[in-house]
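To keep things clear, I will list the structure first and then write my remarks on it.
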Amino acid sequence: MDIELPVVVIGAGPQGLAAAAHLLERGIEPLVLEHGAAAGAAVSGWGHVRLFSEWPELVDQAARRLLEPTGWIAPRAGCPTGGEWVKEYLAPLATALGDRVRTGLAVTGISRTGRDKVVDAGRAAQPFEVRATGTDGTEHRFFARAVLDASGTWGNPNPAGASGLPALGEKAAAALLEYEIPRSVSDLAGRHIVVLGSGHSAAHAVLLLAGLVRRAPGTRVEWAIRRDAPSGLSSADDQLPARGALGGRAQQAVTEGRVALLTGFRTTELRRDGDRLSLLSEDGRRLEGVDRVFVLTGFRPDLEILRELRTALDPSREAVAGLASEIDPNVHSCGTVRGTGVLELAQPDPDFYILGAKSYGRAPTFLALTGYEQVRSVVAELAGDHEAAIRNELVLPDSGVCGGAGDLDGGSCCVPARKQTIQLGIRPLAVNA
Numbered sequence: 074m075d076i077e078l079p080v081v082v083i084g085a086g087p088q089g090l091a092a093a094a095h096l097l098e099r100g101i102e103p104l105v106l107e108h109g110a111a112a113g114a115a116v117s118g119w120g121h122v123r124l125f126s127e128w129p130e131l132v133d134q135a136a137r138r139l140l141e142p143t144g145w146i147a148p149r150a151g152c153p154t155g156g157e158w159v160k161e162y163l164a165p166l167a168t169a170l171g172d173r174v175r176t177g178l179a180v181t182g183i184s185r186t187g188r189d190k191v192v193d194a195g196r197a198a199q200p201f202e203v204r205a206t207g208t209d210g211t212e213h214r215f216f217a218r219a220v221l222d223a224s225g226t227w228g229n230p231n232p233a234g235a236s237g238l239p240a241l242g243e244k245a246a247a248a249l250l251e252y253e254i255p256r257s258v259s260d261l262a263g264r265h266i267v268v269l270g271s272g273h274s275a276a277h278a279v280l281l282l283a284g285l286v287r288r289a290p291g292t293r294v295e296w297a298i299r300r301d302a303p304s305g306l307s308s309a310d311d312q313l314p315a316r317g318a319l320g321g322r323a324q325q326a327v328t329e330g331r332v333a334l335l336t337g338f339r340t341t342e343l344r345r346d347g348d349r350l351s352l353l354s355e356d357g358r359r360l361e362g363v364d365r366v367f368v369l370t371g372f373r374p375d376l377e378i379l380r381e382l383r384t385a386l387d388p389s390r391e392a393v394a395g396l397a398s399e400i401d402p403n404v405h406s407c408g409t410v411r412g413t414g415v416l417e418l419a420q421p422d423p424d425f426y427i428l429g430a431k432s433y434g435r436a437p438t439f440l441a442l443t444g445y446e447q448v449r450s451v452v453a454e455l456a457g458d459h460e461a462a463i464r465n466e467l468v469l470p471d472s473g474v475c476g477g478a479g480d481l482d483g484g485s486c487c488v489p490a491r492k493q494t495i496q497l498g499i500r501p502l503a504v505n506a
C-alpha cells in the first residue's frame, strides 16, 4: 500500500472533520469529500434545532488544537442550534483544513483498485478507489490508503410504512408528506395533521403543533405511534433536563386534549384524494381527510456505496457488526453505550472503517462524543499507534431517556426543539445528524 496516498474521509460533518484533524495531527494527509455545498451541510439541514448537548461535548479535541492557533475561541457554555454548531465550529474547522475539504462531490462507490468484491488475490495490498460525481455530473476518481465513511444517515429517512418498506401509495403522496421536523407550522392553521413516530423528533413536532392548536382552535392534530403506549420520552433522572422534559410536555399536550394519541397504529397504505390523504393501519383503522403527514420515524444508513467492499454489518440494525451488541436500543440508552474504537469497528477489508452515526445503522443511540472517540481510536491505528488505538478514553454519563423498550418507530435520541434543547444523533441527530 502506498502510504503517500491520502486517507479519504467521506462526509464533512462533525466526525468527518474531526477525523481530518486527527489525521493531520498524526502526519497523515486527509482528503474529505462532502456531498453538500459546504461543510456541515447535513447539520445545516436541521440548523433550526437546538441540541441537548452543551458546547464542551460538541468540540473534538484534535479539532480544538487545530483551531486555537488561528485565533478561534471555543464557545464555553450553552446548547447551540445546529446552525450555530456549523457557524461557530464546523465551518471554521473546514476553513482551517483548507483544500483538504472538497464539497459538491457525492461518493457513488468504493472498491479496491483492480479488485472487485469476490477477488482475494492481492486484495489487501491494493489502494482503495473512490468514485464521486460532482454537481455538474462530472465523474471523479480518487485513490486512498484508507477510507473512513462518516457520511451519516441524514437524508435517508425511514418510510411511513410499518413494515420498513414504503407504505402503499407513499410515493404518490410525497407532496403531502414531510420527513423532517418543521421550522414553522403556522401555514397549517385549521388543517388536519398527523404525526407518525414515537421518538423525540415526533414529540417535538407534536409540541409545535399543540401550540398551533392553542392559537388556531380549528386545527386537528393526531399522533399515531406503532407501539402500544408512548414510553421512554421522559425521565426525571435524565442528566439532560431539557431532553427529559420534552416527552413529558408532549404527553401533557395529549392529556390536555390538544393532540389525539393513537397507539398501535401501523401504517400500511396512504391514499391520496386531491390535496388530502387517508392513512390505513394494518388493524383496519383509517384516518381520513388528512392535509399533512409528518413522517418522523428515524433514519437508516445508505449502504449502496459499499457494495464492492467486504463489510460486516448487523443484519437487523445495519450497524457495524462489532458494535451491535453494544448499541441495541432494546437494552442500551445513549448514556449506557460505552466508547467504542478500532477493535469494534474493524471491517473485513482492512483500513476501511464506518464511523459516526452511520456506524450505528438504524440504532438511535449515537452521541457526538462517541463518534469523536471512534475517530481518535481509528486514526491512532492508521498511524501505527496500537496502544492508543485500543485504549478507551471516553466515559459517558448515564441517561435514562433512551433506555427501555426498543423504539418501534425508529425514533431517535435526537430531536430538535424550537425553544427546547435537543439531541440529534449526538449528545450530541437525528436528526436524527
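Residue numbers 74 to 506, in the working numbering, belong to the letters of the sequence shown in order. Ideal Cβ placement from N, Cα and C applies to all residues, glycine included. Model, not experiment: these values are computed from the prediction.
Check                                                                                                                    : Outcome
H459 classed as buried or exposed, judged by whether at least 16 other C-beta atoms fall within 10 angstroms             : exposed
S450, enclosing alpha helix (DSSP H) - first and last residue                                                            : A441 to L455
Where E161 sits in the DSSP three-state scheme                                                                           : helix
Within 8 Å, strictly: CB atoms of G434 and R383                                                                          : no
Cut-off 8 Å between Cβ atoms - residues of its own chain near P239, not counting five sequence neighbours on either side : P232 and A233
Cutoff 7 Å; reference D301; Cβ partners in own chain excluding five residues on either side                              : T336 and G337
Beta carbon of A169 nearer than 8 Å to that of L131                                                                      : no
Within 8 Å, strictly: CB atoms of A92 and A219                                                                           : no
Cβ pair I83, V159 closer than 8 Å                                                                                        : no
N- and C-terminal bounds of the alpha helix (DSSP H) containing P87                                                      : P87 to E98
Exposure of L416, with buried meaning 16 or more beta-carbon neighbours within 10 Å                                      : exposed
Buried or exposed (CB count within 10 angstroms, at least 16 for buried), A114                                           : buried
Buried or exposed by the 16-neighbour rule on C-beta atoms within 10 Å, applied to T208                                  : exposed
Beta-ladder partner(s) of I83, from DSSP                                                                                 : L106 and D222
Euclidean distance between Cα positions of R299 and L350                                                                 : 19 Å
For L386: DSSP bridge partner residues                                                                                   : V393
CB-CB length for A456 against R99, believed under 8 Å                                                                    : 4 Å
DSSP-derived helix/strand/coil call for G182                                                                             : strand
T438, DSSP secondary structure in three states                                                                           : coil
Cβ distance (whole Å) where G429 is taken to contact G444 below 8 Å                                                      : 4 Å
L418 in three-state terms, based on DSSP                                                                                 : helix
Option nearest V448 by Cα separation, candidates W119, E127, A135 and G109                                               : A135
Residue from G171, P148 and K190 whose Cα sits closest to the Cα of E161                                                 : P148
Segment contact, 8 Å Cβ cut-off, at least three pairs: the stretch 385-400 with the stretch 244-260                      : no
The beta strand (DSSP E) enclosing G362, as first and last residue numbers                                               : R359 to V363
Neighbourhood of A333 by C-beta, 6 Å cutoff - its chain only, sequence neighbours within 5 removed                       : E295
Beta-ladder partner(s) of W296, from DSSP                                                                                : V268 and L334
Beta-carbon proximity list for Q199, same chain, < 7 Å, skipping 5 on both sides                                         : R185, T186, G187 and R188
Where I427 sits in the DSSP three-state scheme                                                                           : strand
Alpha-carbon spacing of L319 relative to H277, whole angstroms                                                           : 7 Å
Collapsed DSSP secondary structure at T206 in the structure displayed                                                    : strand
DSSP state of L352 mapped onto helix, strand, coil                                                                       : strand
Separation of L97 from R175, as counted between CA atoms                                                                 : 16 Å
Beta-carbon spacing of L90, A167 below 8 Å                                                                               : yes
Paired residues, beta bridge with D189 - DSSP                                                                            : Partner(s): none; D189 has no beta bridge.
Spatial distance of P153 from G86 (CA atoms)                                                                             : 16 Å
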